[in-house]
Amino acid sequence: MRARVLIRPKAGILDPQGVAVEQALPALGFAGVANVHVGRLVELDVEDPAQLDEMCRKLLANPLVEDYEVQLLDGGAHP
Numbered sequence: 177m178r179a180r181v182l183i184r185p186k187a188g189i190l191d192p193q194g195v196a197v198e199q200a201l202p203a204l205g206f207a208g209v210a211n212v213h214v215g216r217l218v219e220l221d222v223e224d225p226a227q228l229d230e231m232c233r234k235l236l237a238n239p240l241v242e243d244y245e246v247q248l249l250d251g252g253a254h255p
């Protein structure tokens, strides 16, 4: 089964890459941009989707500073 994992900084965690993008966009002529956060996207095929949460906690995301969301691409979702 194909799965997509979205990994983002937790609220209140410093996101230097997001800050850099937020500051660069107006310099490139894009106005009205605020609260930019940069995360990661991981797509993978798994035989057992029940293992996805453990994969995220142990390797894909840092649960101390990142939140993650798992999407099963067959229409299902796993928080």
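Residue 255 is where the sequence shown ends in this note's numbering, and the numbering goes up by one at each step. Note that beta-carbon positions come from the ideal geometry of N, C-alpha and C, so glycine has one too. Everything numeric in this text was worked out from a predicted model, so none of it was measured.
Backbone secondary structure at residue i - three-state DSSP
{"i": "Leu248", "result": "strand"}
{"i": "Ala196", "result": "helix"}
{"i": "Ala207", "result": "coil"}
{"i": "Asp229", "result": "helix"}
{"i": "Leu190", "result": "coil"}
Beta-carbon gap between residue i and residue j smaller than 9 angstroms
{"i": "Leu240", "j": "Val181", "result": "no"}
{"i": "Ala179", "j": "Pro225", "result": "yes"}
{"i": "Glu230", "j": "Asn211", "result": "no"}
{"i": "Gly205", "j": "Arg184", "result": "no"}
{"i": "Val246", "j": "Leu228", "result": "yes"}
Bridge-paired residues (DSSP) for residue i
{"i": "Ala179", "result": "Leu220, Leu248"}
{"i": "Pro185", "result": "Glu242"}
Sequence-distant residues of its chain with Cβ nearer than 7 angstroms to residue i (five each side left out)
{"i": "Leu201", "result": "Val209"}
Contacts around residue i, its chain only, beta-carbon distance under 8 angstroms, and the 5 residues preceding and following it disregarded
{"i": "Met177", "result": "Asp221, Val222, Glu223, Pro225, Leu248, Leu249, Asp250"}
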